[in-house]
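Remarks on the structure that follows.
2 protein chains.
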Amino acid sequence: MAEAGAPACCKRKRENEANGGSQDGAGAGASPLAGFQLQRVLGDSAREKIIFLHGKVNDESGSERDAVVILEKTPFLAENITDVLHGDPAPQLQMSNDVYSTYSLRPPSQLNEIKTTLIFPATEKHIKKYLRQEVFLIQETGEDYRNITLPFIESQSFSLQWVYNILEKKAELDRIVYENPSPTDGFVLLPDFKWDQKQVDNLYLIAICHIRTVKSLRDLSSEHLPLLTNILNEGQDAIRKRYAISGSHLRVYLHYQPSYYHLHVHFTALGYDAPGTSVERAHLLSDVIQNLQLDSQYYQKRTITYALRADDPLLQKFRDAGKC
Amino acid sequence: MAEAGAPACCKRKRENEANGGSQDGAGAGASPLAGFQLQRVLGDSAREKIIFLHGKVNDESGSERDAVVILEKTPFLAENITDVLHGDPAPQLQMSNDVYSTYSLRPPSQLNEIKTTLIFPATEKHIKKYLRQEVFLIQETGEDYRNITLPFIESQSFSLQWVYNILEKKAELDRIVYENPSPTDGFVLLPDFKWDQKQVDNLYLIAICHIRTVKSLRDLSSEHLPLLTNILNEGQDAIRKRYAISGSHLRVYLHYQPSYYHLHVHFTALGYDAPGTSVERAHLLSDVIQNLQLDSQYYQKRTITYALRADDPLLQKFRDAGKC
Chain A
1 MAEAGAPACC
11 KRKRENEANG
21 GSQDGAGAGA
31 SPLAGFQLQR
41 VLGDSAREKI
51 IFLHGKVNDE
61 SGSERDAVVI
71 LEKTPFLAEN
81 ITDVLHGDPA
91 PQLQMSNDVY
101 STYSLRPPSQ
111 LNEIKTTLIF
121 PATEKHIKKY
131 LRQEVFLIQE
141 TGEDYRNITL
151 PFIESQSFSL
161 QWVYNILEKK
171 AELDRIVYEN
181 PSPTDGFVLL
191 PDFKWDQKQV
201 DNLYLIAICH
211 IRTVKSLRDL
221 SSEHLPLLTN
231 ILNEGQDAIR
241 KRYAISGSHL
251 RVYLHYQPSY
261 YHLHVHFTAL
271 GYDAPGTSVE
281 RAHLLSDVIQ
291 NLQLDSQYYQ
301 KRTITYALRA
311 DDPLLQKFRD
321 AGKC
Chain B
1 MAEAGAPACC
11 KRKRENEANG
21 GSQDGAGAGA
31 SPLAGFQLQR
41 VLGDSAREKI
51 IFLHGKVNDE
61 SGSERDAVVI
71 LEKTPFLAEN
81 ITDVLHGDPA
91 PQLQMSNDVY
101 STYSLRPPSQ
111 LNEIKTTLIF
121 PATEKHIKKY
131 LRQEVFLIQE
141 TGEDYRNITL
151 PFIESQSFSL
161 QWVYNILEKK
171 AELDRIVYEN
181 PSPTDGFVLL
191 PDFKWDQKQV
201 DNLYLIAICH
211 IRTVKSLRDL
221 SSEHLPLLTN
231 ILNEGQDAIR
241 KRYAISGSHL
251 RVYLHYQPSY
261 YHLHVHFTAL
271 GYDAPGTSVE
281 RAHLLSDVIQ
291 NLQLDSQYYQ
301 KRTITYALRA
311 DDPLLQKFRD
321 AGKC
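Just so you know, the sequences run in chain order A and B.
Residue numbers for the first sequence, in the UniProt record's numbering: 1 to 324.
Residue numbers for the second sequence, in the UniProt record's numbering: 1 to 324.
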């Protein structure tokens with residue numbers, strides 16, 4: 001719960017509860033999720049049991065605004081399994097063949113939650129992020145970065161306010177797992193939005209550095225080695241202390257392209273096949289450190305391969321430049 | 001319902017319902033699932049929301065026998081989304097920051113089923129199939145490779161006869177998609193065993209080089225750049241001609257550790273989340289080429305990170321050497 005950091009939202013929630021959990025939703029005082037009117041499915045994954053939705057919600061002034069809702073079924077908890085299996089009603093047999101049979105099970109709803117994320121108001125970019133699209137591989141040279149990607153990033157006004165809120169302790173203060181307060185070599189470590197924190201099997205934390213001038217991998221040079229080694233070593237230590245997960249069970253990596261241009265590092269459980277860990281997006285922090293030790297300008301010179309979705313405006317920039 | 005195919009099982013189920021849906025389970029007449037006594041979790045996937053369980057069930061003679069139960073949450077159905085979101089009780093706000101907020105949702109149980117599979121009686125082989133091995137991250141220095149990994153590889157008698165059969169056209173001749181016959185810089189390209197070739201969505205080919213002295217990434221130096229660039233360029237061309245898939249839709253990479261020690265390169269469809277593409281195992285061929293251009297001895301000197309399963313004998317070698 002982020003009570004201190006989110007007065008407006010929590011206030012809306014409390015008012016909604018005071019109204020007896022009214023579901024009519026739209027308008028001032030209601031939970032924006034309760035007022036969500038589904039427009040379309042942006043994408044889904046049957047493998048991951050997740051669905052991305054675009055809809056409308058009336059804001060406090062009564063104007064209709066875009067919202068994105070992400071629903072994701074939660075992983076099983078070992079301690080609840082007996083209650084899930086032996087609750088009421090009894091499992092319904094569907095098929096039986098030799099030693100194999102299948103059943104449909106409807107456990108009590110408190111044992112079968114859905115993790116729900118609301119983005120409201122959502123921008124066009126939020127909506128596009130979750131809209132399923134064909135993907136294309138880009139080979140971005142250092143020159144392409146300077147001529148195409150950097151001007152594109154600078155022309156976008158994707159807000160980093162939520163990052164600054166964390167760094168300035170204006171939001172999510174109670175979620176911080178560890179901090180190194182150095183303005184140059186320090187960072188804040190906290191659970192990623194995507195992790196429900198109920199089990200360490202899908203552990204997912206993010207280290208966000210205090211320095212605000214490093215947009216991505218491309219801006220790193222050997223001067224950032226103290227920052228990067230702090231994140232690797234202190235991040236692993238903090239996770240071992242808090243969650244009893246050792247460094248040999250952690251995947252520690254950066255994304256390129258990242259989803260926001262303020263340097264951050266991902267920590268996921270090694271046994272968890274987390275989204276965004278594939279070789280065309282993830283860069284192990286231990287490799288990044290070694291590459292910078294080998295050549296301070298490694299990431300300025302390097303051709304970096306990554307995938308872009310068909311609707312990504314950066315892909316169009318590469319096409320306009322005749323680069324793909 | 002599979003009435004015709006499952007008389008015994010359905011009979012047991014009906015008797016159970018006639019007993020008022022009794023959950024005491026064990027013994028003749030009850031659904032074997034109702035009598036399932038959990039022993040341990042064999043494995044699970046937080047990403048896929050699936051869990052594999054080992055337990056005991058009393059059979060009809062009252063003897064305790066092994067059973068495996070697989071629980072998997074069901075994918076979302078677009079037509080149920082509005083009911084899922086706006087059911088009772090109202091979603092509980094968990095966190096809020098800027099435009100992002102998360103909620104816990106407990107939809108009515110009939111909208112949130114769990115697919116349940118019972119294997120009963122289960123053999124030892126069934127149980128092993130679902131038993132997850134813990135994985136450990138290894139940081140293998142160049143010295144570790146020479147002192148631990150290389151002697152281990154050489155002590156194993158992994159047969160490469162099936163590879164030589166392909167290269168010598170003694171097997172799979174009709175599967176070859178492309179060949180460059182140069183003994184030093186050539187290779188054979190053919191579909192991977194795992195690909196059924198029924199659709200290009202999960203396209204998976206392998207390039208096997210003719211040279212027999214390169215075991216893995218660790219043996220590569222700048223002298224292999226002609227071989228590697230041939231594989232990248234000619235492999236992409238051949239796939240475009242045969243399957244109409246362009247290079248911008250292909251992920252081209254090596255594994256370290258590989259599953260066999262004769263150099264080979266994987267080509268998979270970019271949109272296919274193929275196993276073995278994660279950053280702790282896959283190395284993009286375009287990155288390998290650049291690294292060798294930067295430093296011919298890059299892969300002899302480099303600390304390489306990879307994951308080993310708890311039962312991998314190489315992990316024991318690292319432990320014996322006090323390296324993990």
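Every residue gets a Cβ at the ideal spot worked out from N, C-alpha and C, and that includes glycine.
A quick note: this is a predicted structure, and the numbers were derived from the prediction, not measured.
Among the options, nearest to residue i - alpha-carbon criterion
| i | options | result |
| --- | --- | --- |
| residue 71 (chain A) | A:121, A:130, A:99, A:59 | A:130 |
| residue 194 (chain A) | A:168, A:272, A:128 | A:272 |
| residue 178 (chain B) | B:236, B:117, B:301 | B:236 |
| residue 114 (chain A) | B:103, B:324, B:99, B:36 | B:103 |
| residue 243 (chain A) | A:210, A:253, A:259, A:200 | A:200 |
| residue 77 (chain B) | A:62, A:97, A:43, A:67 | A:43 |
| residue 67 (chain B) | B:93, B:86, B:37 | B:37 |
| residue 31 (chain A) | A:39, A:41, A:57 | A:57 |
| residue 98 (chain A) | B:106, B:122, B:279 | B:122 |
| residue 264 (chain A) | A:224, A:83, A:291, A:310 | A:224 |
| residue 135 (chain B) | B:69, B:319, B:323, B:315 | B:315 |
| residue 214 (chain A) | A:241, A:183, A:191, A:96 | A:183 |
| residue 161 (chain A) | B:318, B:100, B:262 | B:100 |
| residue 207 (chain B) | B:217, B:188, B:197 | B:188 |
| residue 180 (chain A) | A:209, A:198, A:154, A:107 | A:209 |
| residue 322 (chain B) | B:128, B:41, B:147 | B:147 |
| residue 259 (chain A) | A:246, A:276, A:245, A:248 | A:276 |
| residue 128 (chain A) | A:117, A:52, A:241, A:287 | A:52 |
| residue 197 (chain A) | A:40, A:74, A:62 | A:74 |
| residue 34 (chain A) | A:117, A:248, A:168 | A:117 |
Delimiting residues of the beta strand (DSSP E) encompassing residue i
| i | result |
| --- | --- |
| residue 175 (chain A) | Where residue 175 (chain A) is concerned, there is no enclosing beta strand (DSSP E), given that its DSSP letter is neither H nor E. |
| residue 207 (chain A) | 204-209 |
| residue 135 (chain A) | 135-140 |
| residue 108 (chain A) | No beta strand (DSSP E) contains residue 108 (chain A), which DSSP labels as neither H nor E. |
| residue 220 (chain A) | Where residue 220 (chain A) is concerned, there is no enclosing beta strand (DSSP E), given that its DSSP letter is neither H nor E. |
| residue 235 (chain B) | Note, residue 235 (chain B): premise wrong, no beta strand (DSSP E); alpha helix (DSSP H) at 225-243. |
| residue 52 (chain B) | 50-58 |
| residue 267 (chain B) | 264-269 |
| residue 317 (chain A) | Element bounds for residue 317 (chain A): not the beta strand (DSSP E) but the alpha helix (DSSP H), 313-320. |
Contact under 9 Å by Cβ, residue i with residue j
| i | j | result |
| --- | --- | --- |
| residue 284 (chain B) | residue 228 (chain B) | no |
| residue 267 (chain B) | residue 306 (chain B) | no |
| residue 47 (chain B) | residue 202 (chain A) | yes |
| residue 232 (chain B) | residue 289 (chain B) | yes |
| residue 304 (chain B) | residue 156 (chain B) | no |
| residue 176 (chain A) | residue 190 (chain A) | yes |
| residue 253 (chain B) | residue 282 (chain B) | yes |
| residue 218 (chain B) | residue 256 (chain B) | yes |
| residue 137 (chain A) | residue 150 (chain B) | no |
Interface residues of chain B facing residue i [CB-CB closer than 8 Å]
| i | result |
| --- | --- |
| residue 253 (chain A) | 279 |
| residue 49 (chain A) | 48, 49, 73, 74, 75, 76 |
| residue 202 (chain A) | 46, 47 |
Start-to-end residues for the alpha helix (DSSP H) that takes in residue i
| i | result |
| --- | --- |
| residue 81 (chain A) | 81-85 |
| residue 288 (chain B) | 285-294 |
| residue 64 (chain B) | From DSSP, residue 64 (chain B) is part of no alpha helix (DSSP H) but of the beta strand (DSSP E) over 64-73. |
| residue 261 (chain B) | Here residue 261 (chain B) belongs to no alpha helix (DSSP H), and DSSP marks it neither H nor E. |
Neighbouring residues, chain A, relative to residue i (Cβ below 8 Å)
| i | result |
| --- | --- |
| residue 271 (chain B) | 134, 135 |
| residue 295 (chain B) | 294 |
| residue 283 (chain B) | 279 |
| residue 286 (chain B) | 139, 303, 305 |
Closer than 9 Å at the beta carbon, the chain B residues around residue i
| i | result |
| --- | --- |
| residue 81 (chain A) | 38, 41, 51, 53, 69, 71 |
| residue 193 (chain A) | 95, 97, 100, 102 |
Contact list for residue i against chain B, beta-carbon separation under 7 Å
| i | result |
| --- | --- |
| residue 248 (chain A) | 136, 137, 324 |
| residue 274 (chain A) | 47 |
| residue 314 (chain A) | Here the premise fails: no neighbours, minimum Cβ distance about 14 Å. |
| residue 290 (chain A) | 302, 303 |
Within chain A, partners of residue i - CB distance below 7 Å
| i | result |
| --- | --- |
| residue 263 (chain B) | None at all; the shortest Cβ gap to chain A is about 18 Å. |
Heavy atom of the ligand SAH within 8 Å of residue i beta-carbon
| i | result |
| --- | --- |
| residue 82 (chain A) | With respect to the ligand SAH, the structure shown offers nothing to examine, as it has no ligands at all. |
Along the stretch 114-127 of chain B, where does the CB come closer than 9 Å to a CB of chain A? Name the residues. 114, 115, 116, 117, 118, 119, 120, 121, 122, 123, 126
Members of the stretch 149-171 of chain A near chain B, C-beta cut-off 7 Å: 161, 162, 165, 171
Output needed in chain order: residues of the stretch 126-143 of chain B with a Cβ under 9 Å from some Cβ in chain A. 126, 132, 134, 135, 136, 137, 138, 139
Select from the stretch 93-111 of chain A all residues with a C-beta closer than 7 Å to any C-beta belonging to chain B, and list them in chain order. Shown in chain order are the members of the stretch 93-111 of chain A whose Cβ falls below 7 Å from a Cβ of chain B: 93, 94, 95, 96, 97, 99, 100, 101, 102, 103, 104, 105, 106, 107, 108, 109, 110.
Chain B contacts from the stretch 298-312 of chain A (Cβ-Cβ distance under 7 Å): 302, 303, 305, 307
To be precise: take each residue of the stretch 203-235 of chain A, compare its Cβ to all Cβ atoms of chain B, and keep it if any distance is under 7 Å. Which residues remain? none
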